[in-house]
Each structure stands twice: as structure tokens, then as C-alpha cells.
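Enquirer: The sequence shown maps to residues 1 to 301 in my numbering.
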Amino acid sequence: MKTIPNDKVIYKFSHEMKVVESISPGEIIKVETNDCFYQQIFSEEQVLNEIDYDRLNPATGPIYVKGAQPGDLLKVKILDIKVKDKGVAAVVPDEGVLGDQVTKPIIRVIGIENGYALFHGVKIPIKPMIGVIGVAPAKEEGIWATDSPWKHGGNMDTKDIKAGATLYFPVNQEGALLALGDCHAVMGDGEICFTGLEIPGEVTLEIDLIKNKTTKWPLLETNEYTMILASGDTLDEAVYEATSEAVKYIKNSLGIEWEDAYILASLTVDLKISQVVDPKMTARAAIPKYVVSTDKLISSL
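(1) Run the CB neighbour count on SER148, radius 10 Å, all protein chains shown included, and call it buried at 16 or more, exposed below.
(2) Relative to the C-alpha of SER43, which residue among ILE29, ALA90, PRO62 is closest?
(3) Please identify the residue among ASN223, MET129, TRP217 whose C-alpha is closest to the C-alpha of HIS184.
(4) Which runs of the beta strand (DSSP E), 3 residues or longer, sit entirely within the stretch 194-250?
(5) When we look at the beta-carbon of HIS152 and count the other beta-carbons within 10 Å, is it buried (16 or more) or exposed?
(6) With a 10 Å radius around its C-beta and 16 neighbouring C-beta atoms as the bar for buried, classify PRO125 as buried or exposed.
(7) Using DSSP bridges, identify the partner residues of MET281.
(8) Measure from the alpha carbon of ALA246 to the alpha carbon of each residue in ASP233, ILE263, VAL132, then state which is nearest.
(9) ASP7: which of ASP278, GLU202, LYS280 sits nearest, CA to CA?
(10) Hey, out of LEU180, GLY232, PHE119, whose CA is closest to ILE273's CA?
(11) What does the alpha-carbon distance come out to for the pair LEU219 and LEU74?
(12) Kindly provide the ranges of any beta strand (DSSP E) runs that are 3 or more residues long and lie completely inside the stretch 64-135, ordered along the chain.
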């Protein structure tokens, strides 16, 4: 099994990136990831303005997938996420939902014991997830910093991107060029104060390819749902995009009128906030599999 080390990183997703490893469809790989600060923070006494901000949000990769061509879907199954025994959370003035109320920056180093993060006497069960994961964007979409989400993926900060889930990315460049990082030991929907529990990790992935199928936005499959992960300048824009795609997929999969698909979506689809703190905000529309299975949805593309 190939391992991609965490010193092979990018800070921007672009149409042309220097490949660090090549794999074949069906291959299982391990990817070592850095926390969003590149492990520059290790003490609560540190001052945030002393760290190198050019090293924030590194993503390990990119990885070239043989046979991947524009117009295909890259299928990324998350088999396992292992994280270290302590992580970092931070509060920064003017960042997060309540940034205007923050009077001073604070760093907290939070330990993990027996599967729980321990903070002010509260035992928080950890649920490791991947914050940044994506592929090369389409050439016409330009270059995207790793701290931002868009149609290629990126910093989607969605807590359902965890072990057992499967992501589907539209391939925009030969080889797809997959990169990932910014794992969190735990994070609530919204990531409301600027960080999750930021932590280095080791992610095990199974990479596959679906030929001649594509999507506008990344899809995320869990045991119960197929989710559309959409982003926008505002939460309203992200919700509109995710909902529009969900209704379209229901219509096409079931062969029903758009208005009936819209009603069915209102009865069954859950809208969830992924994050509201990045340069663009991310929402997800979750279609229950009892409405339409992921396989049927993809076959209708």
C-alpha cells in the first residue's frame, strides 16, 4: 500500500499541479495529513500572529489517478481516519459567527483520551473527519486556495466526510489530481467559531473511477443519504445550489415532473449547514436512500 507523506503539500487547487504520486483505480492508499496550522501551534502560550500564515491549510498531494479523464467521476471511499492524541482549537477576533464579540485571540490545546476530547470537564466523543479534500478545478474556474470550497471540493468542512463515507468528485483534469488535509477530531455543523479540533491524521482511502458520469458539485454518500455539497458567497446561495441539484437528481432518477420532485424533496430532503466560516459557505442537501439510491442517482447522470 502506498503512503503519501505529509511533507508533499499544496496550498492551491489549480488545473495544473505537480503530481506527487500515481495510483490505479481500485487501489487503497494512506495519506498523512497536517492540521490546518501545519503543526505550528503546540502551546496555549503562543501568539497567533507569530505563526507563518503562508503555511495554513496544507493539503497532501496531489495524487494522479490513472485513466481519469474530464467527464468522469472520481469515487473516494474513506476507509479509516486515525488522529493524534491532542489537537488545537482557536478563537480569533472578527472570525466565525460571533467574531464581532471576540475580545482577544485564544489558543486551546485539547487532549484526547480513550476516544474522547476533554475540554473544561466535558467529555466530547471524537468523530474524525476531513476538512479539505478535492481535485483539480476546471480550467475556467481558475485557482482556488485550499482554505476555500467550490465545485472541485476543497475546504468543505463537512462533518459527514468521515470513515465509511464515499465522495464523488467531477474530474476536470487528466488524472483528477486528488489532495486532502485539515482533519478534525470533532466539529459541530457550521464550525461556528473558526476552527474544529484541528489535528494531524492518517487517512486510508480506496480510490475508484466511474467513467462518463459527472456532476456540478461533489456528492457525499453515507449509510442513509446521498448529499450534494454546494458552496456560495452566502448561505442562501449555497442552500439554493444544493437544493436545485437535489430536486434535479430526484426528477431524473424517478422520471417524474420537476414540480413533483420539488414536492418530494420538501417531504424528504434534509438541508444541513456544513460551514459558515470559510471564504465561501457550504451547505448540503441530503436525499434519503429510500427515495433514490446513490447508484440509481449516478446512473441517471
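In this text, a Cβ means the ideal position worked out from N, Cα and C, and glycines have one as well.
Expert: On the basis of the supplied data:
(1) Counted from its first residue, the sequence shown places residue 148 at position 148. That one is buried.
(2) To locate residue 43, count along the sequence shown from 1; it is residue 43. Of the listed residues, the one whose Cα sits closest to SER43 is ALA90.
(3) Mapped onto the sequence shown, residue 184 falls at position 184. If we check each option's Cα against that of HIS184, MET129 comes out closest.
(4) 201-210, 219-221, 225-232
(5) Reading the sequence shown from its first residue, position 152 is the one you call residue 152. HIS152 is buried by the Cβ-count criterion.
(6) By 1-based counting over the sequence shown, the position of residue 125 is 125. The residue is exposed, with fewer than 16 neighbouring Cβ atoms inside 10 Å.
(7) Position 281 of the sequence shown, counting from 1, holds the residue named residue 281. Partner(s): GLY232.
(8) Numbered from 1 along the sequence shown, position 246 holds the residue referred to as residue 246. Measuring from the Cα of ALA246, the nearest candidate turns out to be ILE263.
(9) The sequence position of residue 7 within the sequence shown is 7, counting from 1. Ranking the options by Cα distance to ASP7, first place goes to GLU202.
(10) Taking the first residue of the sequence shown as 1, we reach residue 273 at position 273. Closest option to ILE273, Cα to Cα, is GLY232.
(11) Here residue 219 refers to the residue found at position 219 of the sequence shown. Here residue 74 refers to the residue found at position 74 of the sequence shown. Spanning the two alpha carbons is a distance of roughly 10 Å.
(12) For the stretch 64-135, whole beta strand (DSSP E) runs of length 3 or above, ordered along the chain, are 73-83, 86-91, 106-113, 116-119, 122-125, 129-134.
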